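Peer 1: Going by numbering that gives the first Met the number 0, the first residue of the sequence shown is number 0, and it counts up by one from there.
Positions of the beta carbon are idealized from the N, C-alpha and C atoms, including for glycine.
Bear in mind that the values here come from a model prediction, so they are computed numbers and not experimental data.
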Amino acid sequence: MTSDILIFTNGRATTLPAIEYGAWLGASLRTPVRLVGLDEDPSPSQIDEATYPLERIFAEAVEAFKKAGVAYRLEVQQGHAEEVIPRRVKGLDALVVLGPLGRPPLKRLLSGRSFRHIMEQVAAPILYAPKTRLPLKHMLVCLGGLGYEVTAENIALQLAQAAQAEVTLLTVVPPIDLDYPEARHVSENWEHLADTNTLTGKSLRQGLETARAAGLQASVKVRNGNVLEEILAEVEQGNYDLLCMGSPYSSHALRQYYTPNITAEIAETDLVPVLTARFTREK
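(1) Given a threshold of 16 other Cβ atoms within 10 Å of its Cβ, counted over all protein chains shown, does G68 qualify as buried or as exposed?
(2) Return the residue from the list I261, A26, E74 and E62 that minimises the CA-CA distance to V171.
(3) Secondary structure at R72, three-state DSSP: helix, strand or coil?
(4) Going by alpha carbons, who is nearest to T197 out of I18, Y179 and R211?
(5) At a cut of 8 Å, does the segment 153-166 reach the segment 215-235 through at least three beta carbon pairs?
(6) When you compare the CB positions of L73 and F57, do they come within less than 8 Å of one another, or not?
(7) The beta strand (DSSP E) that contains H137, what's its start and end?
(8) At the level of alpha carbons, what is the spacing between E81 and R211?
(9) Between the Cα of H137 and those of T275, A276, S2 and V271, spot the shortest distance and give me the residue it belongs to.
(10) For the putative contact between M244 and V273, defined by C-beta atoms under 8 Å, what is the C-beta separation to the nearest angstrom?
(11) Spatial neighbours of A213 within its chain, please: CB distance less than 7 Å, with the 5 preceding and 5 following residues excluded, ordered by chain position.
(12) Could you tell me the distance, in whole angstroms, from the CA atom of D194 to the CA atom of A60?
(13) Just to confirm before moving on: does the CB-CB distance between P85 and V35 stay below 8 Å?
(14) What did DSSP end up calling Q157 once you bin it into helix, strand or coil?
(15) In angstroms, rounded to a whole number, what distance separates the CA positions of H79 and L100?
(16) Any idea what DSSP makes of E54, helix, strand or coil?
(17) Determine, for V61, whether the minimum Cβ-Cβ distance to residues of chain D falls below 8 Å.
(18) With DSSP as the reference, label V83 as helix, strand or coil.
(19) Does the Cβ of P52 have 16 or more other Cβ atoms within 10 Å, making it buried, or fewer, making it exposed?
(20) In the DSSP assignment, what residue or residues form a beta bridge with M244?
(21) Per DSSP, what kind of secondary structure is I18 in: helix, strand or coil?
(22) Between the alpha carbons of E75 and D40, how many angstroms are there, rounded?
(23) Would you tell me roughly how many angstroms separate the C-alpha atoms of L169 and P134, rounded to the nearest one?
(24) Going straight from the alpha carbon of R132 to that of D240, what length do you get?
(25) Between the Cα of I230 and the Cα atoms of E264, Q77 and E190, which residue gives the shortest distance?
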């Protein structure tokens, strides 16, 4: 597991679910948390005022940390989230927790949602929490197809074990536009994909074995269609408390689906907390 949990807030109320989720994570994983306040518009005249946004959010956060019984530290960094978070996390064995930063609609329209930019720059697992959805009872884990250890999936299973949550492993088989044996075999056998000898089939079986070995109730689900639409449909229909994404596809698998854009589009619907990581930890 990670050695530290870094929670980021710019003082907006929209980040409170991330703080509450971070407190729960720290307590569940017995890992200290560090709340990093982002002073995105520093003004010396308001630092000591009661209306200073970080002052208010820090007070609520400390209360949440104490209630959860988790060790915590507080710090303030000046600068915008898109610049500070990648710099602050670089080189650390940390889990990043953040939520919507409450940016004005015009800014989001002109420059896009901040989560998308942050995810592209941060080489660490990120838990994006637009809402808390606690206690964690049912988790959806989107598997890739390489069959090797993937950070987000491992962290997700550790969270599920800590919460004794049910786990559903999902893979989506899209319409094929490249006619080669692996893709054709997957497309023709998608309804019983976990029984095949394809990369994705092996990954599903391995994920199922790992989850069950951890004492978890786990099952496999395969959907057929557009990846983004099918994942969103499953999230809505399954009433999941956490979605895990980030498994990389190799160039020899169906496609490289879980790109930052796909994951960001799903996260930005704010339907459910999303755990993502786009790299593999070295053993």
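Peer 2: Quick answer:
(1) Numbered from 1 along the sequence shown, position 69 holds the residue referred to as residue 68. G68 comes out exposed.
(2) Taking the first residue of the sequence shown as position 1, residue 171 is located at position 172. Checked all of I261, A26, E74 and E62; the closest Cα to V171 is I261.
(3) For the purposes of this step, residue 72 is taken as residue 73 along the sequence shown, with counting starting at 1. In the structure shown, R72 falls within a strand segment according to DSSP collapsed to helix, strand and coil.
(4) Mapped onto the sequence shown, residue 197 falls at position 198. Minimum Cα distance to T197 is reached at Y179.
(5) Segments in contact, yes.
(6) Numbered from 1 along the sequence shown, position 74 holds the residue referred to as residue 73. Numbered from 1 along the sequence shown, position 58 holds the residue referred to as residue 57. Their beta carbons are under 8 Å apart, which means L73 touches F57 by this criterion.
(7) Reading the sequence shown from its first residue, position 138 is the one you call residue 137. Its beta strand (DSSP E) spans residues H137 to C141.
(8) As a working mapping, residue 81 is identified with position 82 in the sequence shown. As a working mapping, residue 211 is identified with position 212 in the sequence shown. E81 and R211: Cα-Cα distance of roughly 38 Å.
(9) Start at 1 with the first residue of the sequence shown, and residue 137 comes out as number 138. Nearest of T275, A276, S2 and V271 to H137, Cα basis: V271.
(10) For the purposes of this step, residue 244 is taken as the residue at position 245 of the sequence shown. For the purposes of this step, residue 273 is taken as the residue at position 274 of the sequence shown. Indeed, because the Cβ distance is near 6 Å, the residues count as touching under 8 Å.
(11) One-based indexing of the sequence shown puts residue 213 at position 214. Cβ neighbours of A213 beyond the five flanking positions: L156 and Q160.
(12) Within the sequence shown, numbered from 1, the residue matching residue 194 stands at position 195. Within the sequence shown, numbered from 1, the residue matching residue 60 stands at position 61. Cα-Cα distance, rounded: 47 Å.
(13) The residue given as residue 85 occupies position 86 in the sequence shown. The residue given as residue 35 occupies position 36 in the sequence shown. Between P85 and V35, the C-beta gap is not smaller than 8 Å, which leaves the two residues out of contact.
(14) Residue mapping note: residue 157 aligns to position 158 of the sequence shown, counting from 1. Three-state DSSP puts Q157 in a helix.
(15) As a position in the sequence shown, residue 79 is number 80, starting the count at 1. As a position in the sequence shown, residue 100 is number 101, starting the count at 1. Between the alpha carbons of H79 and L100 lies a gap of roughly 10 Å.
(16) Here residue 54 is taken as the residue at index 55 of the sequence shown, counted from 1. Correct three-state label for E54: helix.
(17) Among the protein chains of the structure shown there is no chain D, as only one such chain exists.
(18) On the sequence shown, residue 83 is found 84 positions in, with the first residue counted as 1. In this structure, V83 counts as helix in the three-state DSSP scheme.
(19) Translated into positions along the sequence shown, residue 52 becomes position 53. By the neighbour-count rule (16 or more Cβ atoms within 10 Å), P52 is buried.
(20) Walking along the sequence shown from the start, residue 244 turns up at place 245. Beta-bridge analysis with DSSP links M244 to T275.
(21) For the purposes of this step, residue 18 is taken as residue 19 along the sequence shown, with counting starting at 1. The answer is helix: DSSP assigns I18 an H, G or I state.
(22) The residue labelled residue 75 in the question sits at position 76 within the sequence shown. The residue labelled residue 40 in the question sits at position 41 within the sequence shown. Reading off the sequence shown, one finds Val at residue 75, where the question assumed Glu. Between the C-alpha atoms of V75 and D40 there is a straight-line separation of about 12 Å.
(23) Locating residue 169 in the sequence shown gives position 170, where the first residue counts as 1. Locating residue 134 in the sequence shown gives position 135, where the first residue counts as 1. As the crow flies, the alpha-carbon of L169 is around 21 Å from that of P134.
(24) As a working mapping, residue 132 is identified with position 133 in the sequence shown. As a working mapping, residue 240 is identified with position 241 in the sequence shown. Using only the alpha carbons, I get a separation of about 5 Å.
(25) Numbered from its first residue, the sequence shown carries residue 230 at position 231. The candidate whose alpha carbon is nearest that of I230 is E264.
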